[in-house]
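Line order of the protein sequences matches chains A and B.
If you count the first sequence from 1, position 246 lands on 969 in our numbering, and the numbers rise without skipping.
If you count the second sequence from 1, position 1 lands on 5 in our numbering, and the numbers rise without skipping.
Heads up, the beta-carbon is just placed ideally off N, CA and C, and yes, glycines get one too.
Only a predicted model underlies this, so the values are computations on that prediction, with no experimental measurement involved.
To start, the structure itself, in structure tokens.
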Amino acid sequence: MAINNNAMLIRRELLTRVAQLLIDNQLIERIDRIPLEMRPRGGDHTRCCIHKDRAVLKYKLMGILGFNIHDEQDELTPLSEYARQAHARTQLTDVVLTVVDEACSSCRKNSYEVSNLCRGCVARPCMVNCPKKAIHFAGGQAHIDPEGCVSCGQCLKVCPFHAIVHLPVPCEEACPVGAISKNERGIEAIDPAKCISCGKCIVACPFGAVVEKSHLVEIFRTMQQGERPVVAIAAPAIAGQFGADLGRIRRSFRMLGFADVVEVAYGAEVTARTEAAELAERLAEGAPFMTTSCCPAYTGMVRKHLPELQPYVSHTRTPMSYCAEQVRQQLPDACVVFVAPCSAKRHEAFHDPNVDYVLSFEEYGAWLIAAGINLNTIEPDTLDGLPPAEARAFGASGGVTLSVKALAPEGSVRDLQISGLDKAAIKQLRAFCKAPTANFVEVMTCEGGCINGCNVISNPKIAARQLQAAVDKAPKIA
Amino acid sequence: MDKKIEVRICFGTLCHVMGGAELQLLGEALPPDLKKHVEIKGSTCLEFCHQQGQGQPPFASINGRMLSGCTLQSLIAELYKELN
């Protein structure tokens, strides 16, 4: 989700500065200066003081260097030391998100409060309708007992004066699976056993406290070593992100030092064909329905939170997986970098033997800025070929359904699309399991699909149009 | 005759990544009373980012006057200022 706010701008500035230092080969020497340069003495600060701002920036940089903030052993360890360790690092983990506890403002517990708009009315619907009898009146106003309140929100719904307000914890509210909650210090912590790496908490946190661990250092190191060709495989959603056609995007990757760049839409074509065949086979065997499998946050949700749906999830691999395999077959020693719209793909990539690293759309954008590349003014590359239109359409909700329908016998697919996975959608899927109303279910964790992932640049409305333009240039799937 | 205001939006990659992507929606976000006065033009780069001390991206210009740190709302406010 592209949301213009200062937390997003700070994140992109940090990424740009790190990319600049990597380009200049000055990361270890100069990374400790970034917090000082961004918050110079005498300048503005957004938290209590400039020192707090700098400390938060330091920890965000630690995350960008690929470290878990809670793994810190010594607060005095400088960023240069983390940069040194990152340069030497050979192992990654599948924990892709980390919380900067210094940045987490310890939002008040998700609660309902009575404001001074309360008129102390005679009807008192809040008190009457509270299922836990947690509201009493004193001094002419309603009061909510925090011990008894279960945050059902009934009082808010029935108050005729709109005097009751909901104080949410944004990250907790955004998380569809209840994976982020306060620890004993009141700081948000992510439970890896529940987390599906969707990144909704990154976007939701107004303090920018959730950071996605980056592979920038590893990608630069591999390029600088020059022993393996570094090949980018770009998710279909990229076509809608930078206001530039795919020829220019391809050219820019080569200018950044990539040996080649391949559209993941080629993998999406394999996914489409395999999934259509699998659907036909399953339905012939009597299965009531099948769901898609290309969104890793969704499949993670099923695995961890909705096991009754697991038998119906397609076994077809994701476009990224097929595309990486194709590259690996052609260039066995290549370093394959998936260019991704969301953090869930980073988690998926860790478990894919053919993907080495992930570069998010934001990181790619920051790298372009650092390298001084303006996509609008560079000459476009000629594309080697064109993947099918339906495969390019995987970048938005409805794309998978479009391709499966195009390949399946006419009229055989009765589809249901879930575009955006939240608590209500999970409930809907649970009910659907018991009484299916369609035989093909497409689920995208982000509303609108990958063009609305946590790492996107463009407003999804614009991105959808630009993606469609790329789709329209490609031939129909045959 | 209606007063005409020219808005030029920088679509350079720096501006685009640093929040300017949203400015592509300006045409749709314009209130009806502004729409007839405003002509929106895109620019591959307004070159303001190369000038020291010109503020933060994303950049735009209204009748040649440079604006920095633009958002949809700030541009609309500036357009009203220009109109009046």
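Query	Result
From A:Ala778, A:Cys1173, A:Cys772, residue whose alpha carbon lies closest to that of Ala988 of chain A	A:Cys1173
C-beta neighbour in chain A for Glu86 of chain B, strict 8 Å	no
Neighbour-count burial assignment, Met22 of chain B, 16 or more Cβ in a 10 Å radius	buried
CB contact check: Cys928 of chain A to chain B, cutoff 8 Å	no
Which of helix, strand or coil DSSP assigns to Asp1196 of chain A	Checking the displayed sequence, the identity of residue 1196 of chain A turns out to be Lys instead of Asp. In this structure, Lys1196 of chain A counts as coil in the three-state DSSP scheme.
Distance between Tyr1035 of chain A and Arg996 of chain A (C-alpha atoms, nearest Å)	18 Å
Three-state secondary structure (DSSP) of Asp1138 of chain A	strand
Partner residues on chain A for Glu51 of chain B, Cβ-Cβ distance less than 7 Å	Within chain A, no residue comes near Glu51 of chain B; the closest Cβ sits about 10 Å away, beyond 7 Å.
Contact the segment 857-869 of chain A vs the segment 928-948 of chain A: 3+ CB pairs below 8 Å	no
Closer than 8 Å to chain B by CB, Ala1089 of chain A	yes
Rounded straight-line distance, which links the Cα of Asp1138 of chain A to that of Leu788 of chain A	42 Å
Three-state secondary structure assigned by DSSP to Ala725 of chain A	In this predicted model, Ala725 of chain A has a pLDDT of only 46, less than 50, meaning its place in the structure is not dependable enough to derive any value.
Proximal residues to His810 of chain A (C-beta, below 8 Å), its chain only, five neighbours per side dropped	Leu750, Ile751, Val940, Arg944
Same chain, Cβ closer than 6 Å to Asn852 of chain A, neighbours up to 5 away in sequence not counted	Gln877, Val881
Inter-residue CB distance, Val934 of chain A and Gly786 of chain A (contact presumed, cutoff 8 Å)	3 Å
Contained alpha helix (DSSP H) runs [length at least 4] in the segment 984-1032 of chain A, N- to C-terminal order	988-1007, 1019-1028
Under 8 Å by beta carbon: chain B residues contacting Ala788 of chain A	According to the sequence as given, residue 788 of chain A is Leu; it is not Ala. Correct list: empty, because the minimum Cβ distance to chain B is about 21 Å.
Option nearest Gly1023 of chain A by Cα separation, candidates A:Ile919, A:Pro915, A:Ala857	A:Ile919
Same chain, Cβ closer than 7 Å to Pro1205 of chain A, five either side skipped, listed in chain order	What is shown of chain A runs 724 to 1201, which leaves residue 1205 of chain A out entirely.
Chain A contact for His20 of chain B (CB, 8 Å cutoff)	yes
Between the CA atoms of Leu1098 of chain A and Ala897 of chain A - distance to the nearest angstrom	33 Å
Test: Ala81 of chain B CB closer than 8 Å to a CB of chain A	no
Residue-chain proximity (Leu1181 of chain A, chain B), Cβ-Cβ < 8 Å	According to the sequence provided, residue 1181 of chain A is Ser. The question's Leu does not apply to it. True, the Cβ-Cβ gap to chain B drops below 8 Å.
Exposure of His938 of chain A, with buried meaning 16 or more beta-carbon neighbours within 10 Å	buried
Beta carbon proximity, Met70 of chain B to chain A, threshold 8 Å	no
DSSP state of Ala967 of chain A mapped onto helix, strand, coil	coil
Interface flag, Phe15 of chain B vs chain A, CB-CB below 8 Å	yes
Gln964 of chain A burial status per 10 Å Cβ neighbour count (16 or more: buried)	buried
Integer Cβ distance of Ser838 of chain A from Val888 of chain A, believed to fall under 8 Å	6 Å
Residue of B:Ala33, B:Lys85, B:Val42, B:Asp6 minimising C-alpha distance to Arg12 of chain B	B:Val42
As assigned by DSSP and simplified to three states, the class of Ile1101 of chain A	coil
Beta-carbon contacts of Gly16 of chain B that lie in its chain and below 6 Å, excluding the five residues immediately before and after	Cys49
Closer than 7 Å at the beta carbon, the chain B residues around Thr769 of chain A	Near Thr769 of chain A there are no residues of chain B at all, since even the closest Cβ is about 15 Å away, more than 7 Å.
Own chain, CB closer than 6 Å to Met724 of chain A, minus 5 neighbours either side, in chain order	Bear in mind that a pLDDT of 43 at Met724 of chain A, under 50, signals an unreliable position, so the number given afterwards is only what the model happens to contain. Within the same chain, Met724 of chain A has close Cβ partners Val926, Asn1175.
Sub-8 Å separation of Val1060 of chain A and Val1179 of chain A beta-carbons	no
Residue nearest to Ala912 of chain A in terms of C-alpha spacing, selected from A:Ala958, A:Ala1047, A:Ser828	A:Ser828
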